[in-house]
Amino acid sequence: MGESADIRRQLDHPIIDADGHFVEVLPLLHDHVVSFLESWGGAALRDRYLKSGFGPTDTATVLMDRTAEGVRRDWRAMPSWWGWQCRNTVDRATCHLPRLLYERLDEMGIDYMLAYPSSTLAYLDVWDPELAQGLARAANTAFAHEFAPFADRITPGGIIPMHTPEIAIAELEYAVNELGIKAVLIAGYARRSIGRVAEEAPRLSRLAYRLDQFGLDSPYDYDPFWQRCIDLGVAPVSHSAMQYHRVERSVSNYVANHIGGLSSCHHGLVKSLFLGGVTARFPKLRFGMLEGGVAFACSLYNDLLAHWEKRNANAIGDLDPDILDVEGLMRYFEKYGDENAVSHLDMLRTFYSRPSARPEQLDEFAAAQISTPEELRDRFVPNFYFGCEADDRMIAWAFNEKVNPLGARLRPIFGSDVSHWDVPDFTEPVEEAFELVEDGVITEADFRELVFVNPARLHYGMNPRFFEGTTVERQVAGAAGELLA
1217 MGESADIRRQ LDHPIIDADG HFVEVLPLLH DHVVSFLESW GGAALRDRYL
1267 KSGFGPTDTA TVLMDRTAEG VRRDWRAMPS WWGWQCRNTV DRATCHLPRL
1317 LYERLDEMGI DYMLAYPSST LAYLDVWDPE LAQGLARAAN TAFAHEFAPF
1367 ADRITPGGII PMHTPEIAIA ELEYAVNELG IKAVLIAGYA RRSIGRVAEE
1417 APRLSRLAYR LDQFGLDSPY DYDPFWQRCI DLGVAPVSHS AMQYHRVERS
1467 VSNYVANHIG GLSSCHHGLV KSLFLGGVTA RFPKLRFGML EGGVAFACSL
1517 YNDLLAHWEK RNANAIGDLD PDILDVEGLM RYFEKYGDEN AVSHLDMLRT
1567 FYSRPSARPE QLDEFAAAQI STPEELRDRF VPNFYFGCEA DDRMIAWAFN
1617 EKVNPLGARL RPIFGSDVSH WDVPDFTEPV EEAFELVEDG VITEADFREL
1667 VFVNPARLHY GMNPRFFEGT TVERQVAGAA GELLA
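All letters in the sequence shown, in the order written, are residues 1217 to 1701 by the working numbering.
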């Protein structure tokens, strides 16, 4: 046992890993997916998949079909390459084998893990809605079976495509009711064709598209899906990234694409959900934004509040061009303007007197139902949880009540991110996270909130039975009052 295990033994609370990962064994997964698609959607769907050339992400071979000329022609982002540990064989095996992961949790200092997939996250970005639905169902069936023997310490996250509310609801209900999955990972966006492009250049629709993030400006009403999440006691979490969709994406440098890739997607998703009024209509709903850190959320919270203060339903009236005292303005021009301005007063008077355009909705916070700064805080802070890796010193910002407006403590959650390239040793994340306490970056109380209270809050707040039958059931029950706050 190493230092992470020693740290855990010294604590009086458990450590819940809100974002661990496993890596699918691709040859075995392929056989399962092909068989499942045929049984679920028939030979036509199976063949559509096989002919599509699409598959789960294989970071070892993902570059093989790339040429410098080809990727520059359609500006295809450099993807994640060499993503899994190869020198450390036991860690590589732990990526793939649930039984070995289960056996090593004590060594890692982790009491309970929510384990999300890796390669099959690509299934959430498939254009074909029916194929995406079949692939998600196939993957979730495999995950539920593989992790069932280890349910007291690990729960796998099922993947939920979000192409339409109906598809999302169908896969949510199947995952929860049929497979017994209790944690789900939703797509952070759905790609939509742009009308003019589809009409005038349909062949370019897959190159020129927009991203729908289910709140603002969505062509669909996702409220029935959010309600089903509440009904089924499931917190929707997202792990999507913008690294392949950003205008400034690089065709040659994955690091450039990866930095900020997740946080930029979460920034858009949280903003869309909040301004779209989802947390106002569903105050009990808790969302998780994984692996993007919390710094962007602190900034977004501050920006939302600052914009509301200047552009709320009352304040916006001060900016109405129709209330401008044009004659008063002209007197200032006449007194303080230069020769050019004074010689053109009649023209300027006409310009400033012109009719103004008015939007259909003056109050852009109307859907969020905000009337006070405190209401804005209370429709943001309790509803959003932000996954942070162990070395993220910006976690301190989330807990800084002096810096965050209205004394807010945002809700970061510890995610080890084990199995991915940025964790070179499975046994280090807990040790690395606790260094934030040892270095005085956060307090022990903050650490408890990071690794126990907030991860438990996210899921217990949606489903008080989430941790029943697990090794942390007693500690979670003992903190029930705190977890519902």
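Note that the Cβ used here is the ideal one computed from N, Cα and C, for glycine as well.
Note that this is a predicted model, so its numbers are computed, not measured.
Assigned secondary structure, S1468 (DSSP; H/G/I helix, E/B strand, else coil): coil
Spatial distance of P1295 from V1463 (CA atoms): 15 angstroms
Touch test, the segment 1521-1535 against the segment 1638-1651, Cβ-Cβ under 8 angstroms, three pairs minimum: no
Coarse secondary structure for L1578, derived from DSSP in three states: coil
Nonlocal neighbours in the same chain, by C-beta distance under 8 angstroms from L1666, ignoring five residues either side: C1604, I1611, P1628, I1629, F1630, A1649, I1658
Selection from A1513, L1351, L1316, L1516 that minimises the alpha carbon distance to I1702: Absent from the model: residue 1702. The displayed extent of the chain is 1217 to 1701, so no value can be given.
For G1271 and R1282, the rounded distance between their alpha carbons: 16 angstroms
Sequence-distant residues of the same chain with beta carbon closer than 7 angstroms to V1639, five excluded per side: S1632, D1633, P1645
CA nearest to the CA of Y1601, picked from M1505, T1566, P1575: M1505
Any C-beta of chain B under 9 angstroms from that of D1307: Among the chains in the structure shown there is no chain B, since it carries only a single protein chain.
Coarse secondary structure for D1327, derived from DSSP in three states: coil
Cβ shell of P1372 (< 6 angstroms), same chain only, five flanking positions each side left out: A1331, F1359, F1363
Beta strand (DSSP E) segment containing L1401, residue limits: 1399-1402
Residue range of the alpha helix (DSSP H) that includes R1595: Where R1595 is concerned, there is no enclosing alpha helix (DSSP H), given that its DSSP letter is neither H nor E.
Cβ-Cβ distance between R1408 and L1427 below 9 angstroms: yes
Same chain only: Cβ atoms within 7 angstroms of N1670, ignoring 5 sequence neighbours per side: Y1601, R1627, P1628, I1629
Nearest-angstrom Cα separation, counted from M1324 out to D1274: 26 angstroms
Where M1505 sits in the DSSP three-state scheme: strand
Three-state secondary structure (DSSP) of D1538: helix
Whether L1491 touches A1403 by CB criterion (9 angstroms): no
Entirely enclosed beta strand (DSSP E) segments - the segment 1444-1498, minimum 3 residues: 1452-1454
Stretch pair the segment 1242-1262 + the segment 1344-1354: three plus CB contacts closer than 8 angstroms: yes
Rounded distance between the beta-carbons of F1663 and L1652, thought under 8 angstroms: 7 angstroms
Buried versus exposed call for I1326 [16 or more other C-beta atoms within 10 Å across all chains shown]: buried
Other residues of its chain near G1685: CB distance less than 8 angstroms, five sequence neighbours each side excluded: A1367, D1368
Pair within 9 angstroms by beta-carbon distance, S1268 and D1341: no
Helix, strand or coil at L1395 [DSSP, three-state]: coil
C-beta contact flag for A1735 and Y1460 at 9 angstroms: Here the chain has residues from 1217 to 1701 only, and residue 1735 is not among them.
A1348 vs I1383 beta-carbon contact at 9 angstroms: yes
CA nearest to the CA of P1377, picked from A1624, A1606, Y1438: Y1438
Proximity of V1486 and L1521 at Cβ, strictly below 9 angstroms: no
The segment 1384-1401 in contact with the segment 1414-1427 per 3-pair CB rule at 8 angstroms: no
Cβ shell of I1446 (< 8 angstroms), same chain only, five flanking positions each side left out: F1498, K1500, L1501, M1678
6 angstroms Cβ shell around D1579 - same chain, five flanking residues per side excluded: A1529
Test item: CB-CB of F1512 and H1474 under 9 angstroms: no
Exposure label - R1593; buried when at least 16 CB within 10 Å: buried
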